[in-house]
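Protein chains in written order, with numbering that gives the first Met the number 0: chain A, 0 to 800; chain B, 0 to 202. Glycine included, every Cβ here is placed at the ideal spot set by N, Cα and C. Shown next, in C-alpha cells, is the structure this report addresses.
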Amino acid sequence: MLTKMLRPGSLRERIILFFTVLLLGVSAAVFLVVLPQISGIFRDHTFQELAGAERVLRRVIAQNQIRLAESASLLAADFAFRTAVTSDDQPTLHSALKNHSARLGADVAILHDLEGAVRADTLPSEAARQPHPLPSLIQKAQQEGVATSLAILNGRAYQLAVVPVLAPDPIGWVAIGIELNDKFARELRTLLDVHVSFMLRAARHDFVVIASTQANTAMLDLTDAVRRSAHANDGIPAATLTIKDFDSRLSSIDSVDSESVLCVLQRTEASASEIFQPLLSTLGLIAAGGLGLCLIGGALMVSFVTGPLDRLAAVARRIREGDFEARSETSGDDEFGEFAATFDHMLETIAGREKEILRLAYEDPLTGLPNRVSLQRELDNRAGTGTSFVLMLLDLQRFRLINSTLGYEAGDELLNIVATRFRSLVKATDFVFRTGSNVFAVICAMKDGDQVKMVADRLQDALSHRIFVGVQEVDVTAAVGAVQFPEQGSTGAVLLRRAEIALYHAKHANGGFCLYEPALDATRRDSLHLLGDLRRAEEKGELLLMYQPKVDLRRGKVTSVEALIRWRHPVRGMVPPGEFLPFAEQTGAIRRITRWVIGEAIAQIERWEQDGLNLQVSINISARDLADDALVGYFATALLGSAQGASALCVEITESAMMEDSSVAFYSIERLRQLGIAVSIDDYGTGYSSLSYIKNLKASELKIDRAFVNDLDSSEEDKAIVRSTIELGHNLGLRVVAEGVETPAQLGKLCELGCDYAQGYLLSRPLAADALASWLRDFDFSAVHSIKPTAVAPDGRVQAI
Amino acid sequence: MALCACAQAETVSVSITDTGGAALARAVVVAVAAGQTASDHKHEAKVDQIDKSFVPGELVVQVGTLVHFPNSDKVRHQVYSFSPAKSFELPLYAGAEAEPVLFDKPGPVTLGCNIHDWMRGYIYVADSPWFTRTDEQGHATLDLPPGDYTVHVWHPQMRETEDSTRQTLSLAAQGTAEISWKLGLKPVFSPRRAPMGDAGGGY
Chain A
0 MLTKMLRPGS
10 LRERIILFFT
20 VLLLGVSAAV
30 FLVVLPQISG
40 IFRDHTFQEL
50 AGAERVLRRV
60 IAQNQIRLAE
70 SASLLAADFA
80 FRTAVTSDDQ
90 PTLHSALKNH
100 SARLGADVAI
110 LHDLEGAVRA
120 DTLPSEAARQ
130 PHPLPSLIQK
140 AQQEGVATSL
150 AILNGRAYQL
160 AVVPVLAPDP
170 IGWVAIGIEL
180 NDKFARELRT
190 LLDVHVSFML
200 RAARHDFVVI
210 ASTQANTAML
220 DLTDAVRRSA
230 HANDGIPAAT
240 LTIKDFDSRL
250 SSIDSVDSES
260 VLCVLQRTEA
270 SASEIFQPLL
280 STLGLIAAGG
290 LGLCLIGGAL
300 MVSFVTGPLD
310 RLAAVARRIR
320 EGDFEARSET
330 SGDDEFGEFA
340 ATFDHMLETI
350 AGREKEILRL
360 AYEDPLTGLP
370 NRVSLQRELD
380 NRAGTGTSFV
390 LMLLDLQRFR
400 LINSTLGYEA
410 GDELLNIVAT
420 RFRSLVKATD
430 FVFRTGSNVF
440 AVICAMKDGD
450 QVKMVADRLQ
460 DALSHRIFVG
470 VQEVDVTAAV
480 GAVQFPEQGS
490 TGAVLLRRAE
500 IALYHAKHAN
510 GGFCLYEPAL
520 DATRRDSLHL
530 LGDLRRAEEK
540 GELLLMYQPK
550 VDLRRGKVTS
560 VEALIRWRHP
570 VRGMVPPGEF
580 LPFAEQTGAI
590 RRITRWVIGE
600 AIAQIERWEQ
610 DGLNLQVSIN
620 ISARDLADDA
630 LVGYFATALL
640 GSAQGASALC
650 VEITESAMME
660 DSSVAFYSIE
670 RLRQLGIAVS
680 IDDYGTGYSS
690 LSYIKNLKAS
700 ELKIDRAFVN
710 DLDSSEEDKA
720 IVRSTIELGH
730 NLGLRVVAEG
740 VETPAQLGKL
750 CELGCDYAQG
760 YLLSRPLAAD
770 ALASWLRDFD
780 FSAVHSIKPT
790 AVAPDGRVQA
800 I
Chain B
0 MALCACAQAE
10 TVSVSITDTG
20 GAALARAVVV
30 AVAAGQTASD
40 HKHEAKVDQI
50 DKSFVPGELV
60 VQVGTLVHFP
70 NSDKVRHQVY
80 SFSPAKSFEL
90 PLYAGAEAEP
100 VLFDKPGPVT
110 LGCNIHDWMR
120 GYIYVADSPW
130 FTRTDEQGHA
140 TLDLPPGDYT
150 VHVWHPQMRE
160 TEDSTRQTLS
170 LAAQGTAEIS
180 WKLGLKPVFS
190 PRRAPMGDAG
200 GGY
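The structure is reproduced here in C-alpha cells:
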C-alpha cells in the first residue's frame, strides 16, 4: 500500500510531496520570519517592561521622598528632639540624631543651624564630609517648608529630605536620608523582578557602581559597557544596552547637585528565551503534527482524487485494448463524477462510431451485404473449421454499360435487385458478399463437387428472370468462377485468388462458368512470368509490328493495313498477343506498349513514304487506353514529326471498349478525331452499342466481327446480319470492313453484299513491313478473287489488335 | 504700655522701616538707661489661649514679670518655649491649671504649643522699664527722663541681632530726640494650621 502510495512520479506522490513541501516551507517561513519578529517583539516587550520597571522605580523614589519628608517633619516637631537640639550638648544632640533617624528608618541624619553650619550628623566619617550639598536644599526648604532630593554625600547617593526645626520658629534644619545602597537595590529587585544597579559618575567617561543586585562579574560587564557607551556618546550612555546576557535600560535620576545617579535596570536575556523556548517547542510540535496531518490528509485527498482517476485510467486501458463496453462507473456530483459521466458518454459515442466504422468496414453500404473484408474473414474462419465449402465469384457482365447508359442510380438499383435474388437463393448457412463494383461472392457449404455447377446454374438463372430498373428492362448475365475447399486451397487468400483465376477464365471462355483447376493456375503463373519479361521486351526490341492488308474490294487495291503486335520471345519464340495483352491491360503495362505501337507505326509510315508507298495504318486501342488522359496528347506529339500526318493513321476501337466507360471513351475518341485520325469500330456486332452512339462518334470505318464472316456462306442469319450491317454502315457514311475472310466463297458473298474492304488469310496473313512491300508489288486481286478454296490453313483464331 | 517713672520726661520719636523703606509695625523698642540695673519689682501679665491662638500674640514685659497662661479653649494646650531667655514647658493643661512662669532674663521668648504647631506667640522680656512698640506706621514714642540711654529694637523677623541695633541716645532736658532703624526681615515661616476652619493667629 505504502509503496503504491509513494510510487515515484505518481500524482499521489506529487500531491503529498507538494503539501509536505508547502507545510515545511510555511513552517520554515514561520521559524525564519515570524520568530525573529516575535523575538523582536519580545525584546521590545522586555524593554517596555524595563521602562515600566523604571517608572515604578521612580515612583518608589518619589514615595520614599514623600515619606522621608513626612518623617523629617515629624522629627523636626518632636519635642524631645527639639529639646535635645536646643540643649547645646553635643553628645546628646548626636545621640538624639542617631536615635531618631534610626527610628525613622533613615540611613543618615544631619542637623544644621540657621546659619547653615552643620551642628551634628550621623555620617560615618567627619573627614569625608565635604562638599556638603545641604545649603541648596535648605534654601529650597526655606521657601517650601520641605525639600527633598537625591544628593551625593561622601561618594554615596542618598535620598534626602530637609525640614526646619521649629520652636515654633525655625531654630535649625534637619535632613534625613535613605541611601541608594545594595539593600535598597535588593528591595527594588524584589518589587520589580529586574536587576537594579545604581552608578555614579566618577569622571567624564567613568562610572562606578554604588549599589547593585548583580553579581560581581555582571557588575564589571555593566561598568565596562556603560563606560564604553559613555565614551562613544560624549559622556551620556545610551538608554538601552544589551550587556552580555542582559537587556539593560539606563536612566538618570537627578540629584540636587549637578551630578546625577545612573539607574540601570537589567533583565536577563535568558529569561526571555525561557519564555521563548516553550513557544519554539509548541511551534515545532505544530509543524510536526501538521506534517503528520498533511501526510494522512494528503493520502486521503490523493485517494479521493486518484481513486476515480485510477478507475478512469483502467477504463482507458481497456478501451485501448478495444473494449468499448468498459465504463468508469464513477458517480458523484463532484468534478470526477461529471468527468466520468462525460467520459462514459464519450465512450458510448466512440463505441457507436466504432460499430458504425466496423459496419462500414465489413459491409457494403449499398446492398447491406458483407464486403470483401468480410469475405476474407469468413473464408479464414471456415478454412479454420475444416468443413468443406465452395466459393463462387460472380461477375455481372455488361454492368458498366448499364451504369453508363442508364445512370448510376439504375446501376445501384440493379445491384440491389441482384443482391436480393442471390440472397434468396442461398441457404441460411451460406453467405452472399459483394466484393467489387459488379462482383458478388457466394460461400456454400457443399461436399459434392458436382453440385457446384448446379448451384452456379441456379445463380445464373436467377438473373435470367426479367429485371426492371425503373421502367427499363435490363439484361444482365453473370460469369461464375468457383473454387472448392479444401480440395483446391486451404487458406482464404489462396481460395480467393484461385476463384478470381477461375472467374477470369469464365469471363473470357468457358461460357460463363469455370471451376478452378490447377492448369488454370499454371497458365496464370506463366502469364505472370511473361509479364515480367514483357517489361524488358520493348527495350530489348523483342516487340515488332506485323501488318495485314485491307483490300479494297471495289478497286482491287490495297491502301490500308492493320498493324498487329507480335512478341519475339528469346526463349519461347513468337508469343501470341492473346497470351500477354490481357495481362498487360490488367497491370497497366498496356500504356507503354500502346505508345510503342504508335511510335513504331508512325515510323513505319515514314519509311514506306520514302519507299513511295502510301498506306494508312490502323492500330488497335483498348478500353484502358481510352481511359488514359495522356494518350491523345501522345498521339499529337508523335505526329509532330510526321510528314504524312494524322490522315495516315486510323485507330481501331472495339465496340465493347467503347461501351465500357462510354463517356470517357467518347471524349477520347472525339479528341483523336479532331487530331485528324480516322476512327474504326472494331468487332462490330458483339457489343450493344446504339446506333445514335455510333452516329455521334463520327467514325469513318466499321469492321464486321469475324464471327459473322465465318459462317457467311452457310448461315442465312449471319448473311442477313452482315448485309444489314453493311447497309447500316453505308447509311451512316462509313466504309465497311470484313475481317477473318478465309475462303473465296466468303469473299464472293462480301463482294455481293457490297462490302467495301476485306481482310483475312485468304488475302494475306499479317506480314512484316518488308514482306508487305514485296507482297504489294506481287498482289493481284483478280487472281485472288478467282481462287478456289484451297488449303489455306487457318492457324486458329488470331485475335487482332 | 509705656511706663512713666517720673513727672518730667522728654519724648523720643522712634521710626522703624524695613530695608525696603516700608513701615515696620510691632517692633519692640527698649531704652536702657546707662548704669541702670534691673529693678526687682514684681509684675504679673497674662497670655491667654483663645481659639487656639495666643492672646495677645506678642507681649513685652519687664524682667521679673510673672506671666500666666490661662487656657480659654476647650481643648488642652501644652505651651512651651525653647528660647534662651526663657525655656519652659507647661504640661497639658486646661483652664488656669498651669503655674505662672517667671521671666527673669531679658530677651525674646517664642511661645509654641506642642499640640497645635501653628500656635505662636512672642514675649519680649525687656531689661528696662522703658519700652514701646511701633504702630502700624512704624512709629513709636518713648517718654524718657533726660539722660543717656542705649536703645535697641527687636522684631521676630529681624535678621540683625539685637546687639547690632543698639544706638546710644543722650537726652537733654526739654529736648527731643528722634531715632530710627532700618531692619532686614526674614520671611515668615508659618506651619500650616490644622484644617479645622479656624484661623491661625499672630505671627
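Check: Within 9 Å (strictly less), CB to CB, does residue 116 of chain A reach chain B?; Outcome: no
Check: Identify whether residue 103 of chain A lies in helix, strand or coil by the three-state DSSP scheme.; Outcome: helix
Check: Does chain B have any CB closer than 9 Å to the CB of residue 168 of chain A?; Outcome: yes
Check: For residue 464 of chain A, which three-state DSSP category applies?; Outcome: coil
Check: So who's on the other strand from residue 22 of chain B, going by DSSP bridges?; Outcome: B/16
Check: Between A/693, A/573 and A/640, which lies nearest to residue 602 of chain A when the distance is taken from Cα to Cα?; Outcome: A/640
Check: Which residues does DSSP pair with residue 204 of chain A in a beta bridge?; Outcome: DSSP output for residue 204 of chain A lists no bridge partner at all.
Check: Using the rule of at least 16 other Cβ atoms within 10 Å of the residue's Cβ for burial, across every protein chain shown, is residue 157 of chain A buried or exposed?; Outcome: buried
Check: When the Cα atoms are used, what is the spatial distance from residue 779 of chain A to residue 771 of chain A?; Outcome: 14 Å
Check: Tell me whether the region 92-107 of chain A and the region 275-293 of chain A touch, counting them as touching only if at least three CB pairs, one residue from each stretch, are closer than 8 Å.; Outcome: no
Check: Between which two residues does the beta strand (DSSP E) harbouring residue 153 of chain B extend?; Outcome: 146-153
Check: What whole-angstrom Cβ distance do residue 130 of chain B and residue 29 of chain B have, given they're in contact under 8 Å?; Outcome: 4 Å
Check: Within 10 angstroms of its Cβ, does residue 62 of chain A collect 16 or more other Cβ (buried), or is it exposed?; Outcome: exposed
Check: Residue 85 of chain A touches chain B at which residues, Cβ-Cβ below 8 Å?; Outcome: 81 and 86
Check: Under 8 Å: do the region 196-216 of chain A and the region 177-186 of chain A share three or more Cβ pairs, one atom per stretch?; Outcome: yes
Check: Taking the C-alpha atoms as reference points, what is the distance between residue 304 of chain A and residue 13 of chain A?; Outcome: 12 Å
Check: Please give me, in chain order, every unbroken run of the alpha helix (DSSP H) with length at least 4 that falls completely inside the region 693-747 of chain A.; Outcome: 705-709 and 715-730
Check: Taking all protein chains shown into account, decide if residue 709 of chain A is buried (16 or more other Cβ within 10 angstroms of its Cβ) or exposed.; Outcome: buried
Check: Whole angstroms are fine: how far does the CA of residue 106 of chain B sit from the CA of residue 125 of chain B?; Outcome: 7 Å
Check: Applying the criterion that 16 or more other CB atoms from any shown protein chain within 10 Å of the CB defines a buried residue, is residue 169 of chain A buried or exposed?; Outcome: buried
Check: I'd like to confirm the pairing. Which residues does DSSP put opposite residue 774 of chain A in its beta bridges?; Outcome: In DSSP, residue 774 of chain A forms no bridge with anything.
Check: May I ask you to list, following chain order, the residues of the region 56-72 of chain B that have a beta carbon less than 7 Å from some beta carbon of chain A?; Outcome: none
Check: Cα-Cα, which of A/207, A/192 and A/193 is closest to residue 199 of chain A?; Outcome: A/207
Check: Note down the Cα distance separating residue 652 of chain A from residue 364 of chain A, rounded to an integer number of angstroms.; Outcome: 35 Å
Check: Skipping 5 residues on each side, what residues in its chain have a beta carbon closer than 8 Å to that of residue 740 of chain A?; Outcome: 708, 746, 749, 757, 758, 759, 760, 761 and 762
Check: Just how far apart, CA to CA, sit residue 226 of chain A and residue 51 of chain B?; Outcome: 60 Å
Check: Which residue from A/10, A/668, A/638 and A/645 puts its Cα closest to that of residue 628 of chain A?; Outcome: A/668
Check: Give every residue of the same chain whose Cβ lies closer than 8 Å to the Cβ of residue 768 of chain A, excluding the five residues on either side of it in the sequence, and list them in chain order.; Outcome: 544, 546, 603, 606 and 607
Check: Closer than 8 Å is the cut-off here; do at least three beta carbon pairs connect the region 720-729 of chain A with the region 689-703 of chain A?; Outcome: yes
Check: Go through the region 253-326 of chain A residue by residue and report every complete run of the alpha helix (DSSP H) that reaches 4 residues or more, in order.; Outcome: 268-319
Check: Are the C-beta atoms of residue 78 of chain A and some chain B residue less than 9 Å apart?; Outcome: yes
Check: Just to confirm the assignment, what range does the alpha helix (DSSP H) spanning residue 551 of chain A have?; Outcome: Per DSSP, residue 551 of chain A belongs to no alpha helix (DSSP H); it is in the beta strand (DSSP E), 542-551.
Check: Should residue 345 of chain A go down as buried or exposed, given a rule of 16 or more other Cβ atoms within 10 Å for buried?; Outcome: exposed
Check: Can you tell me whether residue 483 of chain A is buried or exposed, with buried defined as 16 or more other CB within 10 angstroms of its CB?; Outcome: buried
Check: Could you list which residues in chain B have their beta carbon closer than 7 Å to that of residue 163 of chain A, in chain order?; Outcome: 188
Check: If you drop the 5 nearest sequence neighbours on each side, which residues of the same chain put their C-beta closer than 8 Å to that of residue 170 of chain B?; Outcome: 9, 11, 143, 144, 145, 146, 147, 148 and 176
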